[in-house]
Amino acid sequence: MTDMAEPAADTPPFRYTAGLAGEIEQRWQDRWEKWGTFHAPNPVGPLADPDHPRAGAEKLYVLDMFPYPSGAGLHVGHPLGYIGTDSYARYQRMAGRNVLHAMGFDAFGLPAEQYAVQTGTHPRTTTEANIERYRAQLRRLGMGHDDRRSVATIDVDFYRWTQWIFLQIFNSWYDDEARRARPISELIAEFESGIRAVPGGGTWAELSGPQRRVIVDDHRLAYVSEAPVNWCPGLGTVLANEEVTADGRSDRGNFPVFKRNLKQWKMRITAYGDRLLEDLDRLDWPEPIKLMQRNWIGRSVGAHIDFPVVPADVAPVRVFTTRPDTIFGATYVVLAPEHELVDQLVASAWPDGTKDAWTGGHANPRVAVEAYRKAAAAKTDVERQADTKEKTGVFVGAYATNPVTGAPIPIFIADYVLAGYGTGAIMAVPGQDERDWAFAEVFDLPIVRTVQPSAGFDGKAYTGDGPAINSTAPDGGLSLDGLAVTEAKARIIEWLETNGYGQGAVTFRLRDWLFSRQRYWGEPFPIVYDEAGTPIALPESMLPVELPEVEDFSPRTFDPNDAASNPETPLSRKADWVEVELDLGDGPKRYTRETNVMPQWAGSCWYELRYLDPTNETRFVDPDNEAYWMGPRGGNDPGGTDLYVGGAEHAVLHLLYARFWHKVLYDLGHVSSVEPFRKLFNQGMIQAYAYTDERERYVEAAEVVERDGSWFHGDNQVTREYGKMGKSLRNVVTPDDMCAAYGADTFRVYEMSMGPLEVSRPWETRAVVGSYRFLQRVWRALVDENSGASRVVESPADEPTRRLLHKTIDGVRADMDGIRFNTAIAKLIELTNGLTRLAGTPREVAEPLVLMLAPFAPHIAEELWQRLGHDTSLTYASFPVADPALLVADTVTYPVQINGKVRGRIEVPADATEETVRTAALAAIADQLAGKEPRKVIVVPNRMISIVT
RNA sequence: GCCCGGGUGGUGGAAAGGCAGACACGGCCGCCUUAAAAGCGGCUGCCGCAAGGCAUGCGGGUUCGACCCCCGCCCCGGGCACCA
């Protein structure tokens, strides 16, 4: 980087250079810190401050998605959103709001742990060092954060409340009638009093303690269950789905991953499916993100239908379908290979009528089912998905009865039916379902159309609407024929309910949330097990459960192909921690601690609440502080942060988990807001070019030059690719580089002026100089570069300059409110460019310009503000307001179009009548009409004149 | 395959249905300088000497007027993917 702005010896002594910028920036960052400039007053508690200039003002909570402090530090892409929120927050402070803007760290997580395993350095050491580095980098950028509110999820004072919230969730259940979570004690009270029927019948008093415990645990919102998870023996841990690659191996280490049933903690997020879906309508979020959440939740309306099976001692097969109207066309039933009824249903010999294709070539159904299950289990998820077109399955040798036709229909198992969705069983209707059609063709099963297809569906399933056909029961008691799909659905559900064959039902694609990890660097669970293995919640008084020190941070690893191995968590080896004697109210007893830790998402589920009251030792957040900063504003407003800015990569997981926790806290009365994030904004990504040489090695991107449309590294031509910034791609540019070369203000202005905040764009270092020149022009407009004297004059501005100023103020305000920072900066540049030809800059322009610049370039603005004679920070100075009288011009210039092309223009007084404008326009283009009479003349007031010939 | 979001100069991007290309980078010319850099000023969509013509992915349509609205394609980016 040889073109960095090194001031030459003959640079004017008072020019705004990177060196001067650095001095100014350091000075103001120190002052802001000393003065506590960005401290936002709370209504109550230690952060209350009645004397603050914004105490009692209208509040605004501006939030960033907090970062994971990685060892690599920040590159220029990371702060884009942070600069955006900081600019917005600074603007809103000047516009009179009490703005809360803070930054924390999502600091538990795998990279620090893996580094610890490799080097023996404690994850806390690494993580804290990284946090310090991030803090220094953010400070260097001039972030106006309230540093008293900075939290990290690894702080014991933070995670004790993460554990506390876990206990709230563990100790509650979802009341489907009330549609909200309630304390588990209320459930027990209802069972005791008989208000609520005890599952399985009988009375509560008749049940033993362990029996009661099973029923209660079945209701908890946090529960332990045996569930299929991604088990990676090579790493010794279970993995989240997103940590598994497309070919079924671990993202880190490339080890095989197996689906295993393991005892894990889960959270009953599915109970909130409906509310998570409905409340999206109350949020000011980008539609694509809402859509992704809707798809993820995947609500399907249909029916549960019970198909009696021929071995009458076996329970009926319950299926879920969205098309109960097509039941007359259900010619077979399919269960997921893992379905629990399969073992009971499977026959010992092939019954009469078994077609060859159904047996898979096996001698009897037991062998066939066994073989098919084995084959299905050996397939990775990806393999299962890869051959979605080739349908496989096997007949179990048993039949079900179609409840409406009374006909026996064969029961199959097939991997196109998923165990985890609906009931894990379907009624197959090949006439109206493409997958069932494909399966029916392979297995030679009957196809009955029950909806009249429109043209073009010969040889294909028809999934559209139309009148029902072939849908009359043999006894004539039920007929759907002629009904449209919607009516047919209603009619059949009524029939099913009347006759005891099923009922209307809603199913979600959303699954309960796997909440435990076999890792060290996470929040310990506040849970112990008694000698019976029952999980017991620790009382609040025993929080926090501190993460113990261990010698070995790594989970036990195994032969990568040893699918039968079992996880051994790092904490489980800490015997003197695991084994514990506690008095939980019934005398001292021995217990065993939970040795899993929480997933990295836990802390990010509620951190925005802790910013509100970071030092509170008695509550996770004081209700008055929460209500002030996040409470609903009436109407349909769900409350939450006023603005949440972050990347779209968190569209589903983080945002859904956080909404879920928040709703539980709301139900239990701990917060007044229904949603955590009222308005969401996805900033774009800063991407970069990377270059590879002929051997496909990356070369230093900064050294590549373009010649005649090709790129060269030295004399070698290289290939350009476009994507992320990364160390291995040798294309990283850091904010530190930019601050050294131009100063933080230039960097901030550049990032905000590159384009709309929500759009991804390529980084281009050589373009940064444009923002630098802009700030230099602003500086030069107010300060003489040679003498350092002020160039501000007290005489009034000339009329055009004054009008330009007020037009700028008006436009900039609108742009700031609309988060259109790029066009706001363009307007400020135009105003500045309009000042350069003046002999001196009038104060009436200089002051508003400096104030409008302050959100983007706060340091230079503070410095100039001080030079303008002010002795306090401009943080709480009023943002300029345009004079409406100066926004209307005296005259208007109209373009005159003939047949859609501009052929002339006229200038008329702003208050001219339409008739005057018309006459003037016709006069102006009379020669071009060549005497022809225009057919039509359209005058658009203040816009243009359109003439049609 | 399905569902979103996009395609505007050499580049990033501006344009309540109303003068397409604001602002910036780059490029060209000039000033300053012994010189270079920095800085400053001018020009810069394409074709054309010019008059003028052509231009917002492609093809239609609505409109006095379309980057913007409608229909059909093409391409790029993202999400989901046997969810019954």
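Just so we're aligned: 271 in numbering that gives the first Met the number 0 is position 272 of the first sequence, and the numbers increase by one with no gaps anywhere. For every residue, glycine included, the Cβ atom is placed at its ideal position computed from N, Cα and C.
In the three-state reduction of the DSSP assignment, Y222 falls in the strand class.
Boundaries of the beta strand (DSSP E) around E578: E578 to D582. G80 sits buried, since 16 or more C-beta atoms from the chains shown fall within 10 Å of its C-beta. Within the same chain, and ignoring the five residues on either side of N129 in sequence, the residues whose Cβ sits closer than 6 Å to its Cβ are P68 and G70. In chain order, F319 and T506 place their CB closer than 6 Å to the CB of G421, counting only its own chain and leaving out the 5 sequence neighbours on each side. Each residue's CA atom was taken as its position, placing M597 and D714 some 53 Å apart. Distance between V416 and V644, taken at the CA atoms: about 39 Å. Counting only residues of its own chain and dropping the five nearest sequence neighbours on each side, P40 has a CB closer than 8 Å to the CB of L46, A47, D48, P49, H51, R53, A54 and N97. Burial state of A367 is buried, judged by a 10 Å Cβ sphere holding 16 or more other Cβ atoms. The alpha helix (DSSP H) runs lying completely inside the stretch 456-514 and spanning 4 residues or more are 484-497, given in chain order.
Nearest Cα to V61 within the set G639, A825, N941 and A375: G639.
For T617, the closest C-alpha among the options L542, P566 and Q927 is that of L542.
Its Cα nearest to that of M93, the residue P879 stands out among T822, P879 and V936. Shown here for I937: same chain residues with a beta carbon closer than 6 Å to its own, the five before and five after excluded, namely S945 in chain order. Spatial neighbours of Q686 in its own chain (CB-CB distance under 8 Å, excluding positions within 5 residues in sequence) are listed in chain order as G76, Y721, G722, K723, M724, S759, R760, P761 and W762. In the DSSP annotation of this structure, the continuous segment of the alpha helix (DSSP H) that includes M291 starts and ends at E286 to I296.
Per DSSP, Q775 is not a residue of any beta strand (DSSP E); the alpha helix (DSSP H) it occupies stretches across V767 to L781.
With a 10 Å radius around the Cβ and a threshold of 16 neighbouring Cβ atoms, K935 comes out exposed. Less than 7 Å separates the beta-carbon of L479 from that of A487. Beta-bridge partners of T718 (DSSP): T691. Scanning its chain for C-beta atoms nearer than 6 Å, with the 5 sequence neighbours on each side dropped, one finds no residue around Q117. In the DSSP assignment, P883 is bridged to no other residue. When beta bridges are read from the DSSP output, M943 appears opposite V939.
Non-local beta-carbon contacts of A920 in its own chain, meaning distances under 6 Å to residues more than five positions away in sequence, involve V895, I905 and I944 in chain order. The shortest C-alpha to C-alpha distance from D146 to any of I153, D156 and A135 is the one to A135. The alpha-carbon separation between Q599 and W576 amounts to approximately 22 Å. At the C-beta level, T152 and D105 come within 7 Å of one another.
G465 is positioned such that its CB atom lies closer than 7 Å to that of Q451.
Annotation: the continuous beta strand (DSSP E) that includes H712 extends over S709 to H712.
Under the three-pair Cβ rule at 8 Å, the stretch 168-186 does not count as touching the stretch 544-558.
Contact between S770 and T745 holds: CB atoms are separated by about 5 Å, below the 8 Å threshold. Nearest in C-alpha terms to L837, of all of V43, D783 and D814, is D783. For S299, the pairing in a beta bridge is given by DSSP as T506.
The C-alpha of V341 is placed about 53 Å away from the C-alpha of E695. Residue pairing for Q896: DSSP places it in a beta bridge opposite V901 and S945. If you draw a straight line from the Cα of V698 to the Cα of T691, it comes to about 6 Å.
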